[in-house]
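Numbering (my numbering), first residue to last: 2 to 312.
From the three backbone atoms N, C-alpha and C, an ideal C-beta is built for every residue, glycine too.
Contents: one structure, followed by commentary.
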């Protein structure tokens, strides 16, 4: 079990830094090996720890599959993870699985389904009295609300997420939630404001820009997250009619994206291209669109072009 848990930590860090395409095969190899251990005779406490370890590894396999647009494989891994986590009575991990399922729905713009998964994840987080998972789930509920154009709901959920984060103790957080630090909360806040700027009022871009600028600077060792923040920042500059700055930030996002094997990064850049194409009369916006088109043509990540997708 210790070997499974250690491997999951290493592979999860690899995913954060380089994208799911860099480690998916390795994760699946470990899943195949770890799955065989479930048939071993154990005591109940040992069995629950083993099931939890394998469930967390399945959860990581699902996440990396999602990151390279293998959605069917991702859902199968999440289903396997959920069964094992429920058998082990691990509410904290159930919350993590619901969070990741919700993110798959969110990426594909299935907002109602995403909201349901995040709400169910919130219930699981409350059942285990773990503040950091609760913060993550509240922040993601805020994101869904922002995409739906529900400003009051978005800001209320974001406030709850901040309260949860303030009282959280990283030392007590489950492994899947350990990534979520103050910089992630800042990035989530920025993305929520950016989506409110698109769905409710452009004024929210003024709050998104400083949050996303600081968040991107804080992601020096996490290329995928840095690229996500830069894409949202460039979009916010476009909303502010600052195409020159949007083009500069977008170029930086592309440069970072070239170091990551992630279809999600490619999808978000294509979403930014769609925004830039709405300003074809501006030379900077045209340049940004053309740069993204070149990146998409040479990107090793395999992805379906979906104009409705974003973070």
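- Judged by their CB atoms, residue 73 and residue 22 are not nearer to each other than the 8 Å cut-off.
- Every unbroken stretch of the alpha helix (DSSP H) spanning 4 or more residues and falling wholly within the region 35-121 is given here in chain order: 45-68, 72-88 and 92-108.
- Burial of residue 255 is indicated by the presence of at least 16 other C-beta atoms within 10 angstroms of its C-beta.
- Annotation: the continuous alpha helix (DSSP H) that includes residue 211 extends over 206-219.
- Ranked by how close their Cα comes to the Cα of residue 173, the residues 158, 230 and 135 have 135 in first place.
- For residue 276, the enclosing alpha helix (DSSP H) covers residues 264-278.
- Residue 131 sits in coil when the DSSP states are folded into three classes, being neither helix nor strand.
- Residue 9 is classed as buried because its beta carbon has at least 16 other beta carbons within 10 Å across all chains shown.
- One thing to note: residue 227 has its Cβ within 8 Å of the Cβ of residue 257.
- DSSP places residue 241 in the coil class of the three-state scheme, outside both helix and strand.
- Apart from the 5 residues on each side of it in sequence, residue 98 sits with its Cβ closer than 7 Å to the Cβ of 60, 79, 82, 83 and 86 in its chain, given in chain order.
- Sequence-distant Cβ neighbours of residue 65 in its own chain, meaning closer than 7 Å and more than five residues away, are 16, 21, 24, 25 and 28.
- Judged by DSSP in its simplified three-state form, residue 166 adopts helix.
- Here residue 191 carries a helix assignment [DSSP, helix/strand/coil].
- Counting every other CB atom within 10 Å of its CB across the protein chains shown gives residue 30 a total below 16, marking it as exposed.
- Contact annotation: residue 112 and residue 149 have beta-carbon atoms nearer than 8 Å.
- Judged by pairs of C-beta atoms under 8 Å, the region 257-272 does not touch the region 238-248, as fewer than three such pairs exist.
- For residue 260, there is no enclosing alpha helix (DSSP H), as DSSP gives it neither H nor E.
- In this structure residue 229 is buried. Its beta-carbon is surrounded by 16 or more other beta-carbon atoms within 10 angstroms.
- In the structure shown, the three-state DSSP call for residue 11 is helix.
- For the pair of segments examined, the region 155-173 was found to touch the region 187-194: the number of CB pairs separated by less than 8 Å reaches three.
- Residue 203 counts as exposed, since fewer than 16 other beta carbons sit within 10 angstroms of its beta carbon.
- In this structure, the alpha-carbon of residue 144 lies about 31 Å from that of residue 6.
- The continuous alpha helix (DSSP H) containing residue 292 extends over residues 284-299.
- Residue 203 carries a helical assignment under DSSP once its states are collapsed to helix, strand and coil.
- Taking 8 Å as the cut-off, the beta carbon of residue 291 is found no closer than this to the beta carbon of residue 248.
- Under the 10 Å beta carbon count, residue 140 is surrounded by 16 or more other beta carbons and is classified as buried.
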